[in-house]
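Residue numbers (this note's numbering): 15 to 436.
For glycine and all other residues, C-beta sits at the position ideal for the given N, C-alpha and C.
One structure is given here, and the rest of the page talks about it.
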Ligand SMILES: C[S@@+](CC[C@H](N)C(=O)[O-])C[C@H]1O[C@@H](n2cnc3c(N)ncnc32)[C@H](O)[C@@H]1O
């Protein structure tokens, strides 16, 4: 389907968020606000409204996997339902935990997912093909605890010895299956859930109290935390924790969503590439890209992800070097310019790119305004800047620079269009 840009403008202008009872919300405060942005010699409409919220139809539980800087599933859902139909191809070049690919698959769209971080595929692929709960349970209890298994490093500051034995046995099993190319969807599911339960601050995780799962601390720091809190790692039942999280993830998937996942998953493409160079994706094939790029900061990738990488036999230092991080805006623009050229090549005429840039450096850098010329120079036209703002009362003067620093629930998306003649 090709939604025309005039349809999109009408839709955004007249948008009313459905309320809990299904009626539209008609208060003046909720009406879309519009103005015109002038960037270089380009004029672009900017729409500010409450286009999606957390309470607007709850997201699928299957999305509830933590990942740094992930967006809410409501964001890709808004663009997927507005701009595409079942069987259209949806892409995310910076997929992270896989919010866009999973939402697309739940809605029956075809999926291409890419991220330079191999953990992204590990977290995403398994949730597109959820196995039956009983199969997961049977597999978990069929993997024996090995007495002689090597963990390859001292993790006793995080885990009780019996927890560690199970965890390392599970790890050895998965790595061996992977090496022999025997990993099936049940193995992948177990690996995905275990990767998410490695460390955290509640008994829902395998570890003693520590930082949340996407911010692992070093073993040395954990020893200090244990001393400060007078704690020693308690026993945690790895299998039961995996099963509990599995029940939660699988809760409430509708029959239609199951059908969509079963239809879409076999043809889904998962890439672990630099977003600037994805020759596996054919020219003019993608209907819609919904993505948020790495932002202007230096993410301590190896420090945050060493534990997840250890479990999956990945080299955190090497991955950290490949991930695009930059402090300088001009360097960031250079990388994104190449990403846009690649997106233009693969987007089909009449297709869209929704590029989410969030609030950067407390709103002092308006990345949306820097992104517009990049998309245009790659060949796209800029349809609109869309700002999802959940609380109008706090940000009545939303165009003022100072106000940008207050908006914590703001998403800023630049929507690009590939002309049919392009
Ligand atoms: C802001 S996060 C995306 C989060 C995602 N929207 C989600 O909901 O989970 C940016 C992602 O870009 C990835 N990344 C960084 N540099 C990359 C590159 N050059 N090519 C592909 N992916 C890259 C990072 O690994 C990270 O997962």
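In the structure shown, residue 429 falls within a strand segment according to DSSP collapsed to helix, strand and coil.
When Cβ pairs closer than 8 Å are counted between the two stretches, the region 122 to 142 is seen to touch the region 273 to 291, the count reaching three or more. Within the DSSP bridge table, the entry for residue 128 names 285 as partners. Selection 344, 426, 400 and 363 evaluated against residue 388 yields 344 as nearest (Cα-Cα). A residue is called buried when at least 16 other Cβ atoms come within 10 angstroms of its Cβ; residue 196 does not meet this threshold and is exposed.
Under the DSSP assignment, residue 369 falls in the beta strand (DSSP E) whose first and last residues are 361 to 370. As the crow flies, the alpha-carbon of residue 325 is around 34 Å from that of residue 94. Each residue's CA atom was taken as its position, placing residue 205 and residue 78 some 16 Å apart.
Residue state for residue 295 is assigned as coil, using DSSP reduced to three classes. In this chain, residue 279 is not harboured by any alpha helix (DSSP H), its DSSP state being neither H nor E. For residue 113, the CB contacts under 7 Å within the same chain, skipping 5 residues up- and downstream, are 77, 84, 85, 87 and 90 in chain order. Closest by C-alpha distance to residue 17, out of 250, 301 and 233, is 301. Per DSSP, residue 106 is not a residue of any alpha helix (DSSP H); the beta strand (DSSP E) it occupies stretches across 103 to 106. Look at which beta carbons fall closer than 5 Å to any heavy atom of ligand 1; those residues are 81, 83, 84, 85, 108, 110, 111, 113, 129, 130, 131, 288, 289, 306, 308, 337 and 338. Around residue 100, the same chain offers 122 as residues with beta carbons nearer than 6 Å, after the five sequence neighbours per side are excluded.
Between residue 109 and residue 127, the gap from beta carbon to beta carbon is short of 8 Å. Relative to the Cα of residue 378, the nearest Cα in the group 391, 310 and 349 belongs to 310. For residue 164, the closest of 357, 327 and 434 by C-alpha to C-alpha distance is 327.
The residue from 358, 231 and 349 with its alpha-carbon nearest to that of residue 316 is 231.
DSSP links residue 60 through a beta bridge to 49 and 399. Cβ atoms of residue 432 and residue 358 come within 8 Å of each other, at about 7 Å. The residues 29 and 46, in chain order, have a CB closer than 6 Å to that of residue 63 in the same chain once the five nearest residues on each side in sequence are set aside. With contacts defined as CB atoms closer than 8 Å, residue 427 and residue 390 fail to qualify as a contacting pair. Between residue 154 and residue 257, the gap from beta carbon to beta carbon is short of 8 Å.
Cα atoms of residue 67 and residue 268: separation of roughly 21 Å, rounded to the nearest angstrom. Residue burial is scored here from C-beta neighbours: residue 243 has fewer than 16 other C-beta atoms within 10 angstroms and is therefore classed as exposed. Judged by DSSP secondary structure, residue 207 falls within the alpha helix (DSSP H) whose first and last residues are 199 to 211. In the DSSP assignment, residue 303 falls within the beta strand (DSSP E) that extends over 300 to 305.
Within a 10 Å sphere around the beta-carbon of residue 425 sit 16 or more other beta-carbons, which makes this residue buried. Taking 8 Å as the cut-off, the Cβ atoms of residue 367 and residue 430 count as close. For residue 223, the three-state secondary structure derived from DSSP is strand.
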